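Using full-length UniProt numbering, read the sequence shown as starting at 1 and increasing by one per residue. Every residue gets a Cβ at the ideal spot worked out from N, C-alpha and C, and that includes glycine. Since the structure is predicted, the reported quantities are computational estimates derived from the model, not experimental observations. Here is the structure we will look at.
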Amino acid sequence: MRLPYARVEPGDRMNTSPAFRPLPSLAGARAEPVPGLRLQKLRRAALDAREAFVREGPVAAVATCDLVTFPYPAQFAFSGAASSPAPYVMLTNRMQVVQFVDREGARRTLLFNPSDYERGVSAPFYRALRERYGGFVSDKVMSTRHGSVQSHLAALGLIPSDVDYLAFDHLHIQDLRGWLGGDGMPAYFPRARLLVQRAEWEVALEPHPMQAVWLVPGGADIPRERVVLLDGDVWLGQGAALLSTPGHTRGNMSLAVATSREVFVTSENGVATESYTPLQSAIPGVRRFAEHMGWEVVLNGNTREDSLDQYSSMVVEKLFAGTSSVEGAFINFHPSSQLTAHVMAPGLSPTIVLPAPNFGDVRPTPASRRAA
Numbered sequence: 001m002r003l004p005y006a007r008v009e010p011g012d013r014m015n016t017s018p019a020f021r022p023l024p025s026l027a028g029a030r031a032e033p034v035p036g037l038r039l040q041k042l043r044r045a046a047l048d049a050r051e052a053f054v055r056e057g058p059v060a061a062v063a064t065c066d067l068v069t070f071p072y073p074a075q076f077a078f079s080g081a082a083s084s085p086a087p088y089v090m091l092t093n094r095m096q097v098v099q100f101v102d103r104e105g106a107r108r109t110l111l112f113n114p115s116d117y118e119r120g121v122s123a124p125f126y127r128a129l130r131e132r133y134g135g136f137v138s139d140k141v142m143s144t145r146h147g148s149v150q151s152h153l154a155a156l157g158l159i160p161s162d163v164d165y166l167a168f169d170h171l172h173i174q175d176l177r178g179w180l181g182g183d184g185m186p187a188y189f190p191r192a193r194l195l196v197q198r199a200e201w202e203v204a205l206e207p208h209p210m211q212a213v214w215l216v217p218g219g220a221d222i223p224r225e226r227v228v229l230l231d232g233d234v235w236l237g238q239g240a241a242l243l244s245t246p247g248h249t250r251g252n253m254s255l256a257v258a259t260s261r262e263v264f265v266t267s268e269n270g271v272a273t274e275s276y277t278p279l280q281s282a283i284p285g286v287r288r289f290a291e292h293m294g295w296e297v298v299l300n301g302n303t304r305e306d307s308l309d310q311y312s313s314m315v316v317e318k319l320f321a322g323t324s325s326v327e328g329a330f331i332n333f334h335p336s337s338q339l340t341a342h343v344m345a346p347g348l349s350p351t352i353v354l355p356a357p358n359f360g361d362v363r364p365t366p367a368s369r370r371a372a
């Protein structure tokens, strides 16, 4: 049963902090109705937006935290391009803890992809997988838990009231109730609000049957006042932005962060850095597929209704991130669910794994604790 206060009403407006503002250039390019022309305009707009983003300086701090390694269908990971007898690749879900200074001069804390994986297994796809293989194989053989959201925050010296915002690249396999309250559950984060694209929120509340297999039933039944609806790109503060990158889902978005050394982008549009440079991939079949199709990116394609948009969004991510300062032949893209070498996935190991994004010192925010 849906909670009435969680529904998006037709008259809802973008409910954001005064510190938020749009990124330049990209919105106008997305308005082009012809997909091929839209991609051309997005290429130019992404470079212009990146230049403005970098010019304002670096983020205060970012820390990357591994959460859980889990199986994912190989046919989706590289759009069927990878050649392997293994039915699954292994992905490691990661959370970024980002601290940025907003336009009012306040230091804010964002958790990007703080997956509650204990609840996420209730999504129909993973519930069926668990029923097929049993609890022991699912939990001990096919999955590895690296740490919880709670344990990582404690290790960083943060408490729940330090967190201002939660955001996810998309809402597949997410149950928000434990973090933000709802359905009789208390909120673990007393002050945090969810930043979510309007299109993503609408699907989470009323999914199509082809979308519902990836969504936790009731997972979005949280108090409406905890939800901040976004309509496009959002510049959160110095060195931190959320890019609207529809395709993998209708409301997919990507985290972009500028450090003093580089810009990086993270989402689940691609499962590996080489998804953005497939001609550099050593995974059997990927390079041949990209050459045959003439593609410059290879999609993580478990939802196919918006593949043209996903391709264009990946080009935006690629240009916004730029090349890696560590490996110049690769893009500085860091998947939110990173392809991971595993004995159960022969031939499906990443060609390269870039160092996890970490910068500055994440620290408690006294103002947030006083407010709590």
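V271 sits close to V89, with the two beta carbons spaced by under 8 angstroms. With respect to the C-alpha of R55, the residue from D306, G239, F76 having the closest C-alpha is G239. In this structure, the beta-carbon distance from V286 to F78 falls below 8 angstroms.
Counting of Cβ neighbours within 10 angstroms places D233 among the buried residues, the total reaching 16 or more. By the CB criterion at 8 angstroms, W214 and F112 fall outside the cutoff. Y88 sits in a strand when the DSSP states are folded into three classes. In the DSSP assignment, G178 falls within the alpha helix (DSSP H) that extends over 177-180. Assignment of beta-bridge partners to G237 by DSSP yields A240.
When the five nearest sequence neighbours on each side are left out, the beta carbons in the same chain lying within less than 6 angstroms of the beta carbon of K41 are those of A29, E32, in order along the chain. Under DSSP, Q96 shares a beta bridge with T64, F112. Nearest to P355 by alpha-carbon distance, out of T64, R145, D164, P22, is T64.
Under DSSP, I331 forms a beta bridge with T323. Annotated three-state conformation of T69 is strand, per DSSP.
R198 and A27 have their alpha carbons spaced roughly 15 angstroms apart. For T303, the secondary structure class from DSSP, reduced to helix, strand or coil, is coil. Taking 8 angstroms as the cut-off, the Cβ atoms of S349 and E317 do not count as close. Leaving aside the five residues that flank A212 on each side, the residues in its chain whose CB is nearer than 8 angstroms to its CB run, in chain order, P124.
With fewer than 16 neighbouring CB atoms inside 10 Å of its own CB, D183 falls in the exposed class. Its chain contains P160, G178, W179 as the residues whose beta carbon lies nearer than 7 angstroms to that of Y188, once the 5 sequence neighbours on both sides are disregarded; these appear in chain order. The continuous beta strand (DSSP E) containing Q338 extends over residues 337-340. The criterion of a C-beta distance shorter than 8 angstroms is not satisfied by S324 and P58.
As DSSP reads the structure, R198 sits in no beta bridge.
For L47, the enclosing alpha helix (DSSP H) has its first and last residue at 35-55. For Y165, the enclosing beta strand (DSSP E) begins and ends at 165-167. Taken atom to atom, the span from the alpha-carbon of V141 to that of R127 is near 16 angstroms.
Residue range 209-212 is occupied by the alpha helix (DSSP H) that includes M210. Per DSSP, the unbroken alpha helix (DSSP H) holding A154 starts and ends at 149-155. Residue pairing by DSSP places F359 opposite V62 in a beta bridge.
Taking each of L39, T109, L194, V34 in turn and checking the Cα distance to D361, the smallest one comes out for T109.
Assigned with DSSP and collapsed to three states, R107 falls in strand. For a cut-off of 8 angstroms, the C-beta gap from D175 to R119 is around 4 angstroms, short enough to register as a contact.
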